[in-house]
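> Using the working numbering, read the sequence shown as starting at -11 and increasing by one per residue.
Yeah, the Cβ is synthetic: ideal placement off N, Cα and C, and Gly gets one too.
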Amino acid sequence: MKTSKRQNFILLPSSGSEISLKSNPHVADFLTTLDNAIDFESSGSSAMSFSVRNMPQAPQEEIALEVIDSIKSKGAKLVSLDTDEMANFRFSYPGLRIIPEKFYSRTDAMQEKLDHKITAKSATKTLDVLITDQAEKPLQGILVIAFTNFKQRIGSKAKTNASGYAKLQLNADKVERLYIYPDHSYWGVLQKNIKPKATLKVKLSPIDLGTNDVLRHFFDTRNFHPLEHPVRIGVIDTGAGPHGNLVVSGGKNMINGEDPNDYSDKEGHGTHVAGIIGASGAMPGVALGAELQIYRVFALGKNASNFDIMKAIAQAIADKCDLINMSLGEKDLDEGLISSIKDAYNAGIVCFAANGNDGRQPVSFPAAYSLSVAVGAMGRKGTYPAGSTHADAESAPYGTSPDNYVAAFSNIGPETDLIAPGVAIISTYPGDHYAAMDGTSMACPAATGLAARLLSTRPDLLGLPRNQVRSDEILKFLSQNIQAMGFGANFEGKGMFHLP
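1. Go through its chain and collect everything with a Cβ distance to proline 47's Cβ below 8 Å, but skip five positions before and after it.
2. If we ignore side chains and look at the alpha-carbon of each, how far apart do serine 8 and leucine 463 end up?
3. Buried or exposed: where does leucine 288 fall if 16 or more other Cβ atoms within 10 Å of its Cβ makes it buried?
4. For the stretch 279 to 303, list the alpha helix (DSSP H) runs that are entirely contained and at least 4 residues long, ordered along the chain.
5. List the residues that DSSP assigns as beta-bridge partners of histidine 421.
6. Out of Pro126, Leu156, Gly152, point me to the one whose CA is closest to phenylalanine 135's CA.
7. CA-CA distance, glycine 4 and asparagine 399?
8. Can you list, in chain order, the residues of its chain whose CB lies under 7 Å from that of serine 30, leaving out five sequence neighbours each side?
9. Could you spell out where the beta strand (DSSP E) holding lysine 189 opens and where it closes?
10. Nearest to aspartate 310 by CA position, among Gly273, Ala267, Gln179, Leu452, is which residue?
11. Would you list the one or two residues that DSSP bridges to asparagine 313?
12. Could you give the distance in angstroms between the alpha-carbon of glutamine 468 and the alpha-carbon of threonine 436?
13. With a threshold of 6 Å, establish whether the CB of glycine 277 neighbours any heavy atom of the ligand NAD.
14. Would you check if the stretch 199 to 212 and the stretch 290 to 304 touch, i.e. whether three or more CB-CB distances between them fall below 8 Å?
15. Rounded to the nearest angstrom, what separates threonine 416 and leucine 53 at their Cα positions?
16. Using the three-state DSSP reduction, which class does threonine 114 fall into: helix, strand or coil?
17. Is the beta carbon of asparagine 313 sitting closer than 7 Å to the one on threonine 95?
18. I'd like the span of the alpha helix (DSSP H) that includes asparagine 24, first residue to last.
19. For glutamate 318, which residues does DSSP report across the bridge?
20. Go to methionine 366, then tell me how far its beta strand (DSSP E) extends in each direction, as first and last residue.
21. With a CB to CB cut of under 6 Å and the five nearest residues on each side skipped, what residues in its chain are close to valine 219?
Right, dumping it as structure tokens:
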């Protein structure tokens, strides 16, 4: 009996992400047929069968196709197809590009990298770590990671219980690195080369919202006025809010099967990103007054489908965004996203994307694509407590100021366009909290927000027809407001945005 090997694919016209009846009526009719099959009310997929084009003498065959989701009636479709039927499908329905569905990760830095690479070994020692605040009140839900061999990622991890304890099973007495990661409200802690006893007690320091992180060192956001003219920014992420100091203009959940009107944040990343752009309150964003359109593409605990990101870009075009922020990435080029970013550029929208956090590796996609603005991350010594997890990002090269550095996690390469603050950035977190995070995920919205602030001074550019010329002129203008930081083009591109 044949075993089905079904896989999800994106169907696209031969060029662009939407086709007209005039340019290819057969492809347009086929995509419309698929669109009509979807029950959007129930967010349900539809199974269909299509004829195979065989030799006239051959018996009639059919291809079983499941239609999962759609972007416009004559646009991209997400389908499920048996991989053994691929050749039949290509010959039977030419004029379509068939692209595998793939998934993108968020580009926040060290916590997830360490969390994902940890390897367990046979335990010979138990270490209890007690985490409290400065008043010795136990803190629950704090992630603790101990490495006995950091290079090989051998170690143990646990979260603190209601009594503030995390129990770690180790294979050596010496801990090379101990990372303590609170979700919000406190600074993380990094200890190196310690030989703890049976119990290790650590007090966490609260984040002082009166402090200047690296973003506020360069840009005094507390004294910024709201934008002179409205600039609309699409934030493609985990959602945003709720947070009392973060106002969003609108948005949509792009994830198939979820409530399209629920674009709240279940994880924190998107709220932090959006706050860097447009928060008010004690830690204002760089573009206070920007109109934030939130597009949720990350289901809880999962990576984001390229199809959902494509849907988000299409929605941002429909919503007449001026800029798009994508703090996400993967290694390989993606033909589907390339089509969508081209669509945005041709609609007068400039996309900013994070370089990625693989530690001096090549720039991730979509940042590596030439029509995206690729943003790397920098930090500054003295803008976070000594002994915090953020100090792990310190690395050469250093800039014109010896306190400035390119974050160790930041990907680099000739595709890099800009650099922006991305280490220990304090921003909004769901539930009216604040958190300090690292990553090109944080640098990207800093650059996007600064671009919005600059663009808000040019109503003539904002008023241009929404086409490629508009995008060209926006980039030409922005390029006049960039200052080199002394890191070199491979690390910083042209440099960092400078406000007149």
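So, from the data block:
1. For the purposes of this step, residue 47 is taken as residue 59 along the sequence shown, with counting starting at 1. At proline 47 the pLDDT is 45, less than 50, meaning the model places this residue with poor confidence and gives no usable figure here.
2. Your numbering for residue 8 matches position 20 in the sequence shown. Your numbering for residue 463 matches position 475 in the sequence shown. Computed Cα separation, rounded: 30 Å.
3. Reading the sequence shown from its first residue, position 300 is the one you call residue 288. Of the other Cβ atoms in all chains shown, fewer than 16 fall within 10 Å of the Cβ of leucine 288; this residue is therefore exposed.
4. none
5. Position 433 of the sequence shown holds residue 421. Paired residues: Tyr417.
6. As a position in the sequence shown, residue 135 is number 147, starting the count at 1. Taking only the C-alpha atoms, the option nearest phenylalanine 135 is Leu156.
7. As a working mapping, residue 4 is identified with position 16 in the sequence shown. As a working mapping, residue 399 is identified with position 411 in the sequence shown. If I take the Cα positions, the gap works out to 29 Å.
8. Position 42 of the sequence shown holds residue 30. Low confidence applies to serine 30: its pLDDT is 49, below 50, so where it sits in the model is not reliable, and the reading given next is rough at best. The beta carbon of serine 30 sits closer than 7 Å to no other beta carbon from its chain once the five residues preceding and following it are set aside.
9. The residue given as residue 189 occupies position 201 in the sequence shown. Unbroken beta strand (DSSP E) run through lysine 189: 187 to 191.
10. Here residue 310 refers to the residue found at position 322 of the sequence shown. The option with the nearest alpha carbon to aspartate 310 is Leu452.
11. Within the sequence shown, the letter at position 325 stands for residue 313. Val223, Phe340.
12. Residue numbering aside, residue 468 sits at position 480 when the sequence shown is read from its first letter. Residue numbering aside, residue 436 sits at position 448 when the sequence shown is read from its first letter. Rounded to the nearest angstrom, the two C-alpha atoms are 15 Å apart.
13. Here there are no bound small molecules, and the ligand NAD is not part of this structure.
14. no
15. Stepping through the sequence shown from its first residue, residue 416 is reached at position 428. Stepping through the sequence shown from its first residue, residue 53 is reached at position 65. Their Cα atoms are separated by approximately 43 Å.
16. Within the sequence shown, residue 114 is the residue found at index 126, counting from 1. Reduced to three states, the DSSP call for threonine 114 is strand.
17. Your numbering for residue 313 matches position 325 in the sequence shown. Your numbering for residue 95 matches position 107 in the sequence shown. With contacts defined as CB atoms closer than 7 Å, asparagine 313 and threonine 95 fail to qualify as a contacting pair.
18. Mapped onto the sequence shown, residue 24 falls at position 36. Asparagine 24 -> alpha helix (DSSP H) spans 13 to 25.
19. Here residue 318 refers to the residue found at position 330 when the sequence shown is read from its first residue. In DSSP, glutamate 318 forms a bridge with Phe353.
20. One-based indexing of the sequence shown puts residue 366 at position 378. 360 to 368 is the extent of the beta strand (DSSP E) around methionine 366.
21. In the sequence shown, the residue the question calls residue 219 occupies position 231. Excluding five sequence positions before and after valine 219, the CB atoms of its chain that fall closer than 6 Å to its own CB belong to Ala278, Asp310, Ala440, Leu443, Ser444, given in chain order.
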